[in-house]
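Numbering (the working numbering), first residue to last: 2 to 146.
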């Protein structure tokens with residue numbers, strides 16, 4: 002069973018913002034002759050790396066709601082310019098929309114089990130995937146989606 006991470010998506014106001022950022026990074030990787038991917042650097046290194054890399058994803062909280070995920074491809078540790086060990090989360094180039102799930106602000110990242118992770122919107126079929134984002138958000142807040 003896969004284990005996931007969940008993190009606030011600081012600086013993005015929408016899934017479109019996140020997709021634009023991911024696309025820019027994927028294009029830079031392709032131009033450098035690398036596989037298209039994006040990455041996110043964190044201060045803490047996950048201790049459960051093996052479980053995360055067995056089909057895990059990074060779930061993004063945007064505007065107080067889990068809204069999307071990106072598959073986790075790799076975890077790389079490195080030392081920054083100040084000699085502090087960091088972790089680079091290497092993420093797949095696809096941003097997959099999920100059902101909305103309210104989430105309060107928190108610092109850093111947290112583990113997220115498969116049972117607690119929101120389902121992908123494409124697996125929901127007609128359960129709101131074709132509704133505008135503001136309407137989906139309102140319905141989710143009311144517990145109707």
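No residue lacks a Cβ here, since even glycine has one placed at the ideal position from N, Cα and C.
Paired residues, beta bridge with residue i - DSSP
i         : result
residue 7 : 60 and 111
Span of the beta strand (DSSP E) around residue i
i          : result
residue 24 : That residue, residue 24, is in no beta strand (DSSP E); its alpha helix (DSSP H) goes 16–32.
residue 39 : 39–43
Close beta carbons around residue i, own chain, < 7 Å, minus the five adjacent residues each side
i           : result
residue 30  : 36, 37 and 38
residue 149 : The question about residue 149 has no answer, for the chain in this structure spans 2 to 146.
residue 85  : none
residue 94  : 23, 27, 37, 38 and 39
Cutoff 8 Å; reference residue i; Cβ partners in own chain excluding five residues on either side
i           : result
residue 107 : 9
Complete runs of the alpha helix (DSSP H) confined to the segment 50–118 [at least 4 residues]: You should have 50–53.
Contact the segment 95–104 vs the segment 40–47: 3+ CB pairs below 8 Å: The segment 95–104 is not in contact with the segment 40–47.
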